[in-house]
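Asks: Quick one: the structure is below, questions incoming.
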Amino acid sequence: MNVHPRARDYPQSSLGEMIPDESELTAGVVIEPGKQYGFFTDTTVCIGCKACEVACKEWNNLPADNVGLTGHSYDNTGALSANTWRHVNFIEESSSKPLGGKSVRDNSQNAFQSGWLMMSDVCKHCHHAPCMEACPTGALFKTEFDTVVVQQDICNGCGYCVPACPFGVVEVSKADGKAHKCTLCYDRLKGGLEPACSKSCPTDSIQFGELSDLQARAKKRVAELHDRGVHTAYTYGAPDSPGATGDMQYLNAFFLLTDRPEAYNLPAAPTRPSNRIAPALTAGLATLAGLAVAAIALLAMPGEERRRGR
Amino acid sequence: MDDRVDTAPRDGYKGAPNRPLPQSDSFNDAHDPVRPVATSRNTDMPSKPGWSGPTYYGRSQLKAAPFDPWIVGGYIFLAGLSGASAVLSNLAELVRGEQACDVGRRGRYLSMLAPTIGSVLLIVDLHTPQRFYNMFRIAKRTSPMSIGTWILSSFIPFAGLGFLSQLGADLFKLGWLKKLARFGFAPAAVSGAGLSTYTASLLSATSTPYWAAQPKELAMRFAASSVASGAAALALGAKSDANRRTLETIGAAALAVELAATVMSHKTVKAKGVGESLKSDWGKTEEVMALGVGVLLPLGVYAATRLRGRKPTAANDLAALATLVGSAMLRVSTLGIGDDSASRPEVSLRFSQPENLPPVKPVRRVSRRRRG
Amino acid sequence: MEGTITIVQEGRFQLSDERGVSHQFVLGRTALAETEQLRPLQSRQARVRVKYTDALGLISLVAHRIELLDPEPLEPVGA
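Protein chains in written order, with our numbering: chain A, 1 to 310; chain B, 1001 to 1372; chain C, 2001 to 2079.
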């Protein structure tokens, strides 16, 4: 495990102040405004500990909202919501349909835990974010770190971002009437800290960094997995992958998955909704124009009553 | 929503990929889509065109719009009614002049419905209504809600001018007020045209399957329905029979277009795999109220009365009212069906498949240098 | 409830009451306090009195009115 040389400057176990550019020590990247940042979530090393969910709730002071047991494996959180910005999916592979030819009960070592599919779901911080494009108040905007954030003092809870999101991430809170979603720890990024979830992830399943670095790392990891016999591994949300279809271009928070997207509750081929505005408007206005022409023709036609001067 | 999720015990993973997924660099190939598994382990989902692949414990993949279908559907109806009344009444006065002055008058009164009741409905549906003015912070062309805010805002001054002048003219009988009413109101026809159809783009520019599957067809339905409702409302109080007949004919033409658009809409929606939502309760409501009461009933009545006599009877009034009710119910049920399609994973996952992707525009590789 | 505002994030804040028990609050939609008004309260660790109700479906409380208890000459925050 490589320890950054600067880490030796902070040997004490409790610090009285913030470490400048702490993300350099914890994530290996210095955070500068103007660069693109995001997450690469490698689901093959996720252990389902939910440290990301806890860290997110703790840092962002979010209330607990999914109270109670769902009965859906270890997933008692359920889904992303206005108060849940990290959600770990758990899918138990039944032993009759093994992945890569090996089942859960085999004794030989698999490339990774093949009996489980676990993924930490989050806001994808899309490049052409549909929520941001849909927002009529300008509350949703692209930050200097290329992330998408809802400004809480502008949002008036119109809720148009909610159906716009192809991944079902953002939601309007019933308690305060505004839309909420993951901010990629915008306040931490401004302070030089990496986001809470990636910092707390014990296996580095959630990797934070500059987008180009992450995409290169992902490509290498996919190739490595293919070499080890996991042919179902692929990236979701990288350019030209599932999840980045339909003019979405790419997602700043992208994933390495080993099964079809629908199993993880992700859409296989999302589209950019704002591309549908032009066809809808032109079709509607054309219909209206056609009917207007018909109306003019009918109005101009001399009917019998008009000829009689009634 | 749990009545739609089957109660049989299920493992989290239903169905299996029958082949490994495509490599990431060869994915964008429209001829090799990821198909839902044909051998279905889901005995609770019988129909083939539906989704037979995995869902995540039957949880919805998308989030339904937090709009109340009645409130927002009501606004869309009023916007269409006001906008179309503005257009039609202006056209009537343009072509028929003084003979259509009562139509123009009714048009100016009807066009106030959207700015008054409609705006209240919109503000009430906001979850933080006291910040409604933030809608005016920006004008964003990728947001139909922003576009609509400005369309409505540009409609209101002219509609207001027309309404107040008309009111003044009716109360004080001043000639110049009548002229002001007519010419001051005329520009409202332009924004009125936008008002009567932009709401379809509002719904289509989302990821809700039922709306996203049919941007063009929904726009045609809404535009035709707006014109039909505008014509019906103008016809209801028309003083001269000639005007009434013409307005009814215009309404009938609009209803015929709406019928055609409905057929196209259902076809498109089924082809994209969202047909299941048409079978929901809201889907049935749409069929009965929007199509049956709103389109077929008035068309039948108009046809019958034309064949028989000339004088408009109570049946014509009924037809006009039915058109209005149907137009309103079309908007409300469209919202309801959309919410249904978004909350059911078997519909939304079936919709967001590669085969439903819009065709990729070919990149023009003409070299500029060669042109010298 | 009276206490000190210890953590603020967007429209949410944590109040530590007199017994030292911390409670999570969400700024309600009828509270006219804006989110940016909470932050200075947190940096001063200001003592406030909060009028609240229970949040439905959440383990949280909805704040409707916040009154400053500090003797600082600042206008009171909230509806």
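Ideal Cβ placement from N, Cα and C applies to all residues, glycine included. As the structure is a prediction and not an experimental result, all values here were calculated from the model.
So which residues on chain C does A/Asn-60 lean against when the C-beta distance must stay under 7 Å?
Replies: Reading the first sequence from its first residue, position 60 is the one you call residue 60 of chain A. Ordered by position in chain C, the residues that pass the 7 Å Cβ test against A/Asn-60 are Gln-2009.
Asks: Which whole-angstrom value is the C-beta distance of B/Phe-1136 and B/Arg-1331, which I expect to be below 8 Å?
Replies: Counting from 1 along the second sequence, the entry for residue 1136 of chain B is found at position 136. Counting from 1 along the second sequence, the entry for residue 1331 of chain B is found at position 331. Wrong, their Cβ atoms sit about 24 Å apart, outside the cutoff.
Asks: Could you name the residues of chain A that C/Gln-2024 contacts, counting a contact when the two beta carbons are closer than 7 Å?
Replies: Position 24 of the third sequence, counted from the first residue, corresponds to residue 2024 of chain C. By Cβ distance, chain A contributes Asn-61 and Pro-63.
Asks: Does the count of Cβ pairs from the stretch 259-267 of chain A and the stretch 1050-1063 of chain B closer than 8 Å reach three?
Replies: Contact between the stretch 259-267 of chain A and the stretch 1050-1063 of chain B is present, because at least three Cβ pairs lie under 8 Å.
Asks: Might you give, ordered along the chain, the residues of its own chain that have their beta carbon closer than 7 Å to the beta carbon of B/Ala-1212, omitting 5 neighbours on each side?
Replies: For the purposes of this step, residue 1212 of chain B is identified with residue 212 of the second sequence, where counting begins at 1. Same-chain partners within the cutoff: Ser-1204 and Thr-1206.
Asks: Identify, in the order they occur along the chain, each residue of the same chain with its Cβ nearer than 6 Å to the Cβ of A/Pro-63, setting aside the five sequence neighbours on each side.
Replies: In the first sequence, residue 63 of chain A corresponds to position 63, counting from 1. The residues are Asn-83.
Asks: Just to confirm before moving on: does the CB-CB distance between A/Ala-238 and A/Ala-218 stay below 8 Å?
Replies: Along the first sequence, one-based indexing puts residue 238 of chain A at 238. Along the first sequence, one-based indexing puts residue 218 of chain A at 218. The answer is yes: Cβ separation under 8 Å.
Asks: List the endpoints of the continuous alpha helix (DSSP H) containing B/Leu-1178.
Replies: Against the second sequence, residue 1178 of chain B aligns to sequence position 178. The amino acid at residue 1178 of chain B is misidentified as Leu; the sequence shows Lys. Per DSSP, B/Lys-1178 belongs to the alpha helix (DSSP H) from 1175-1185.
Asks: List the whole-angstrom C-beta distance separating A/Arg-6 from A/Glu-24, where the pair is believed to meet the contact cut-off of C-beta under 8 Å.
Replies: Indexing the first sequence from 1 puts residue 6 of chain A at position 6. Indexing the first sequence from 1 puts residue 24 of chain A at position 24. That pair is a contact at about 7 Å.
Asks: Under 6 Å Cβ to Cβ from A/Trp-59, same chain only, skipping five residues before and after it: list those, please.
Replies: For the purposes of this step, residue 59 of chain A is identified with residue 59 of the first sequence, where counting begins at 1. Correct list, in chain order: Ala-196.
Asks: Measuring straight from C-alpha to C-alpha, what distance separates B/Val-1190 and B/Leu-1297?
Replies: Start at 1 with the first residue of the second sequence, and residue 1190 of chain B comes out as number 190. Start at 1 with the first residue of the second sequence, and residue 1297 of chain B comes out as number 297. Whole-angstrom Cα-Cα distance: 31 Å.
Asks: Name the chain B residues whose beta carbon is nearer than 8 Å to that of A/Asn-265?
Replies: On the first sequence, position 265 is the one that residue 265 of chain A refers to. Those are Thr-1055, Tyr-1056, Arg-1059, Gln-1061 and Pro-1345, listed as they occur along chain B.
Asks: For A/Gln-152, return the contacting residues in chain C, with the cut-off set at a CB-CB distance below 7 Å.
Replies: For the purposes of this step, residue 152 of chain A is identified with residue 152 of the first sequence, where counting begins at 1. Within 7 Å Cβ-Cβ: Glu-2010, Gly-2011 and Thr-2035.
Asks: Taking Cβ to Cβ, would you say A/His-127 is nearer than 8 Å to A/Asn-252?
Replies: Here residue 127 of chain A is taken as the residue at index 127 of the first sequence, counted from 1. Here residue 252 of chain A is taken as the residue at index 252 of the first sequence, counted from 1. Closer than 8 Å, so yes.
Asks: Which residues, in order along the stretch 194-223 of chain A, keep a beta-carbon less than 7 Å from a beta-carbon of chain B?
Replies: Hits within the stretch, in order: Val-222.
Asks: Kindly list the residues whose CB is nearer than 6 Å to the CB of B/Gly-1168, restricted to its own chain and excluding five residues on each side of it in sequence; keep chain order.
Replies: Your numbering for residue 1168 of chain B matches position 168 in the second sequence. Result list for B/Gly-1168: Leu-1177, in chain order.
Asks: Rounded to whole angstroms, what is the Cα-Cα separation between C/Arg-2049 and C/Thr-2006?
Replies: Translated into positions along the third sequence, residue 2049 of chain C becomes position 49. Translated into positions along the third sequence, residue 2006 of chain C becomes position 6. So the two alpha carbons sit approximately 14 Å from each other.
Asks: Identify the contact partners of A/Val-67 in chain C, using a Cβ-Cβ distance below 8 Å as the criterion.
Replies: Looking up residue 67 of chain A in the first sequence gives position 67. Within 8 Å Cβ-Cβ: Ile-2059.
Asks: Quick check: A/Cys-327 and A/Cys-155, are their CB atoms within less than 8 Å of each other?
Replies: Any question about residue 327 of chain A goes unanswered here, given that chain A covers just 1 to 310.
Asks: Output the distance between the C-alpha atoms of B/Arg-1108 and B/Asp-1170, rounded to the nearest integer angstrom.
Replies: Looking up residue 1108 of chain B in the second sequence gives position 108. Looking up residue 1170 of chain B in the second sequence gives position 170. When rounded, the distance between both Cα atoms is 12 Å.
Asks: Please give the ranges of any alpha helix (DSSP H) in the stretch 1295-1342 of chain B, keeping only runs that are unbroken, at least 4 residues long and fully inside the region.
Replies: Runs of the alpha helix (DSSP H) inside the stretch 1295-1342 of chain B: 1297-1308.
Asks: Could you tell me whether any Cβ in chain C is nearer than 8 Å to the Cβ of A/Lys-35?
Replies: Taking the first residue of the first sequence as 1, we reach residue 35 of chain A at position 35. Not closer than 8 Å to any Cβ of chain C, the Cβ of A/Lys-35 fails to qualify, so no.
Asks: Which residues mark the beginning and the end of the beta strand (DSSP E) in which A/Gly-38 is found?
Replies: Working through the first sequence from its first residue, we reach residue 38 of chain A at position 38. A/Gly-38 -> beta strand (DSSP E) spans 37-42.
Asks: Can you list, in chain order, the residues of the stretch 67-89 of chain A whose Cβ is nearer than 9 Å to any Cβ on chain C?
Replies: Taking 9 Å as the Cβ-Cβ cut-off against chain C, the residues of the stretch 67-89 of chain A that qualify are Val-67 and Asn-83.
Asks: Contact check, A/Ala-269 vs B/Pro-1354 under 8 Å by CB: the rounded distance?
Replies: One-based indexing of the first sequence puts residue 269 of chain A at position 269. One-based indexing of the second sequence puts residue 1354 of chain B at position 354. Sure, about 4 Å apart at Cβ, within 8 Å.
Asks: With distances taken Cα to Cα, identify the nearest neighbour of A/Lys-181 among A/Asp-121, A/Pro-136 and A/Ser-212.
Replies: In the first sequence, the residue the question calls residue 181 of chain A occupies position 181. Of the candidates A/Asp-121, A/Pro-136 and A/Ser-212, the one whose C-alpha sits nearest the C-alpha of A/Lys-181 is A/Asp-121.
Asks: Short check: CB of B/Trp-1282 to CB of B/Asp-1340, under 8 Å?
Replies: In the second sequence, residue 1282 of chain B corresponds to position 282, counting from 1. In the second sequence, residue 1340 of chain B corresponds to position 340, counting from 1. Going by C-beta atoms, B/Trp-1282 is nearer than 8 Å to B/Asp-1340.
Asks: At a Cβ threshold of 8 Å, is C/Ala-2046 touching chain A?
Replies: Indexing the third sequence from 1 puts residue 2046 of chain C at position 46. Taking Cβ atoms only, chain A never reaches closer than 8 Å to C/Ala-2046, which makes this a no.
Asks: Reducing DSSP to helix, strand and coil, say where A/Cys-52 ends up.
Replies: Start at 1 with the first residue of the first sequence, and residue 52 of chain A comes out as number 52. It is helical.
Asks: Indicate the three-state DSSP secondary structure (helix, strand or coil) for C/Thr-2004 in the structure shown.
Replies: If you number the third sequence from 1, residue 2004 of chain C lands on position 4. The answer is strand: DSSP assigns C/Thr-2004 an E or B state.
Asks: Determine the closest residue to B/Ala-1084 out of A/Leu-298, A/Thr-287, A/Thr-26 and A/Ala-300, with distance taken between C-alpha atoms.
Replies: Locating residue 1084 of chain B in the second sequence gives position 84, where the first residue counts as 1. Of the listed residues, the one whose Cα sits closest to B/Ala-1084 is A/Thr-287.
Asks: Measuring only the C-alpha atoms, how far is A/Pro-11 from C/His-2064?
Replies: On the first sequence, residue 11 of chain A is found 11 positions in, with the first residue counted as 1. On the third sequence, residue 2064 of chain C is found 64 positions in, with the first residue counted as 1. Each residue's Cα considered, the two are about 45 Å apart.
Asks: Let me know the beta strand (DSSP E) ranges lying completely inside the stretch 104-161 of chain A, each 3 residues or longer, listed in chain order.
Replies: Correct list: 116-122, 140-142 and 148-150.
Asks: Please list the partners that A/Ala-300 has in chain B, where partner means a Cβ-to-Cβ separation under 9 Å.
Replies: The sequence position of residue 300 of chain A within the first sequence is 300, counting from 1. Ordered by position in chain B, the residues that pass the 9 Å Cβ test against A/Ala-300 are Val-1095 and Arg-1096.
Asks: Given this structure, state the Cα-to-Cα distance separating B/Ala-1079 from A/Leu-140, to the nearest angstrom.
Replies: By 1-based counting over the second sequence, the position of residue 1079 of chain B is 79. By 1-based counting over the first sequence, the position of residue 140 of chain A is 140. Approximately 27 Å, taken between the alpha carbons.
Asks: If B/Leu-1321 and B/Leu-1255 are in contact, beta carbons under 8 Å, what's the gap, nearest whole angstrom?
Replies: Mapped onto the second sequence, residue 1321 of chain B falls at position 321. Mapped onto the second sequence, residue 1255 of chain B falls at position 255. Not quite, the Cβ-Cβ distance comes to about 14 Å (not below 8 Å), so this is no contact.
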